[in-house]
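Take a look at the structure below.
Number of protein chains: 2
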Amino acid sequence: MADQPLDFLKGTLDLMILKTLSWGPAHGYGIARWIEQCTEDVLQVEEGSLYPALYKLEENGLIVADWGITENNRRAKFYRLTAAGKKQLRTSHDSWSRFARAVTRVLEIAPAAASA
Amino acid sequence: MADQPLDFLKGTLDLMILKTLSWGPAHGYGIARWIEQCTEDVLQVEEGSLYPALYKLEENGLIVADWGITENNRRAKFYRLTAAGKKQLRTSHDSWSRFARAVTRVLEIAPAAASA
DNA sequence: GTATGATACCTAGACAACCTAAGTGAGAGA
DNA sequence: TCTCTCACTTAGGTTGTCTAGGTATCATAC
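Going line by line, the protein sequences match chains Y and F. Following my numbering, the numbering of the first sequence begins with 264 at its first residue and continues without gaps. Following my numbering, the numbering of the second sequence begins with 264 at its first residue and continues without gaps.
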């Protein structure tokens with residue numbers, strides 16, 4: 264039960280997707296592969312998580328999709344950021360930074376300070 | 264719907280609790296207040312999240328509890344880390360560090376590198 | 001021409017974590 | 001005695017992710 268190294272990927276998947284799309288349009292499969300490659304497989308993106316996440320982002324108007332053809336000559340849905348998506352990316356990025364700083368503060372503070 | 268600034272606190276709550284207890288025994292209410300104070304309310308610990316988390320940690324043998332009296336002369340359950348809990352803290356701390364580094368890498372990498 | 005593997009997408013159902021919202025009881029101070 | 005804070009408890013709902021199945025197409029090898 265959760266002896267796995269990482270169970271933190273909750274709420275950050277959307278952020279990772281938005282960020283990946285900020286580099287330009289990409290299709291779902293490619294987004295997943297890129298995130299994994301970029302993090303040397305520290306972050307693994309399961310398809311059962313990825314596609315529902317994409318649909319939700321689309322539903323919320325943060326990304327839009329067009330069918331197209333990949334370099335491999337395969338049919339794929341290419342997503343790109345909307346204006347709202349770009350804005351959300353900035354907001355979520357900031358939130359993540361604040362959150363990560365807060366966690367780091369708790370993890371790094373010296374025991375002595377606890378009595379203050 | 265998740266327009267709130269922070270929805271990242273998933274999986275990190277256990278870690279925060281273990282870390283707080285590494286400074287010495289503490290009761291649930293105190294743990295929550297300390298985390299909030301330490302992060303200037305960036306991390307908010309709801310009681311409906313806190314207590315179930317404590318019970319689960321206890322069930323898993325990572326912490327143990329004794330009833331006692333607080334400085335305020337109130338009845339409270341004081342938790343402390345077990346050996347297994349200390350070990351888990353180290354493991355989770357490492358996992359968090361790896362995870363945070365991975366996310367940061369994705370967020371900070373330059374668009375140009377995406378084509379590599 | 002037909003296996004096979006990689007690419008690419010889809011989705012139902014289960015599960016785990018968190019939150020909302022309600023409650024109990026006891027001490028402190030007015 | 002009333003109210004506020006402290007401190008703990010728990011039922012029920014929501015949400016996000018994962019498991020595990022599936023479809024279809026293209027490239028390659030045989």
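For glycine and all other residues, C-beta sits at the position ideal for the given N, C-alpha and C. Please read these numbers as outputs of a predicted model, since none were measured by experiment.
In three-state DSSP terms, what is residue i?
i: residue 273 of chain Y; result: coil
i: residue 298 of chain F; result: helix
i: residue 330 of chain F; result: strand
i: residue 344 of chain F; result: strand
i: residue 401 of chain Y; result: Since the first residue of chain Y shown is 264 and the last is 379, residue 401 of chain Y is not available in this structure.
i: residue 353 of chain Y; result: helix
Residues of chain Y with CB under 7 Å from residue i, in chain order?
i: residue 333 of chain F; result: The contacting residues do not exist; residue 333 of chain F stays about 15 Å from chain Y at best.
i: residue 302 of chain F; result: 365, 368, 369
i: residue 298 of chain F; result: 369
Name the chain Y residues whose beta carbon is nearer than 9 Å to that of residue i?
i: residue 339 of chain F; result: Here the premise fails: no neighbours, minimum Cβ distance about 17 Å.
i: residue 290 of chain F; result: By Cβ distance, chain Y contributes nothing, its closest Cβ being about 14 Å from residue 290 of chain F, past 9 Å.
Can you give me the C-alpha to C-alpha distance between residue i and residue j, rounded to a whole angstrom?
i: residue 279 of chain F; j: residue 298 of chain Y; result: 27 Å
i: residue 369 of chain Y; j: residue 349 of chain F; result: 16 Å
i: residue 277 of chain Y; j: residue 361 of chain Y; result: 17 Å
i: residue 352 of chain Y; j: residue 302 of chain Y; result: 19 Å
i: residue 335 of chain F; j: residue 313 of chain F; result: 21 Å
i: residue 315 of chain Y; j: residue 330 of chain F; result: 45 Å
i: residue 323 of chain F; j: residue 328 of chain Y; result: 45 Å
i: residue 332 of chain F; j: residue 363 of chain Y; result: 34 Å
i: residue 365 of chain F; j: residue 338 of chain F; result: 43 Å
i: residue 318 of chain Y; j: residue 311 of chain Y; result: 12 Å
i: residue 281 of chain Y; j: residue 325 of chain F; result: 37 Å
i: residue 300 of chain Y; j: residue 372 of chain F; result: 12 Å
i: residue 296 of chain Y; j: residue 295 of chain F; result: 38 Å
i: residue 275 of chain Y; j: residue 321 of chain Y; result: 17 Å
i: residue 285 of chain F; j: residue 271 of chain F; result: 23 Å
i: residue 293 of chain Y; j: residue 273 of chain F; result: 26 Å
i: residue 347 of chain F; j: residue 367 of chain Y; result: 22 Å
i: residue 283 of chain F; j: residue 283 of chain Y; result: 35 Å
Strictly below 7 Å CB to CB, what residues from chain F border residue i?
i: residue 372 of chain Y; result: 301
Using a cut-off of 8 Å between C-beta atoms, extract the partners of residue i located in chain F.
i: residue 275 of chain Y; result: 271, 366
i: residue 282 of chain Y; result: 369, 370
Meets three-Cβ-pair contact criterion under 8 Å: the stretch 307–324 of chain Y and the stretch 356–363 of chain Y: Output reads no: the stretch 356–363 of chain Y does not touch the stretch 307–324 of chain Y.
At least 3 beta-carbon pairs within less than 8 Å: the stretch 282–295 of chain F vs the stretch 342–350 of chain F: These segments touch.
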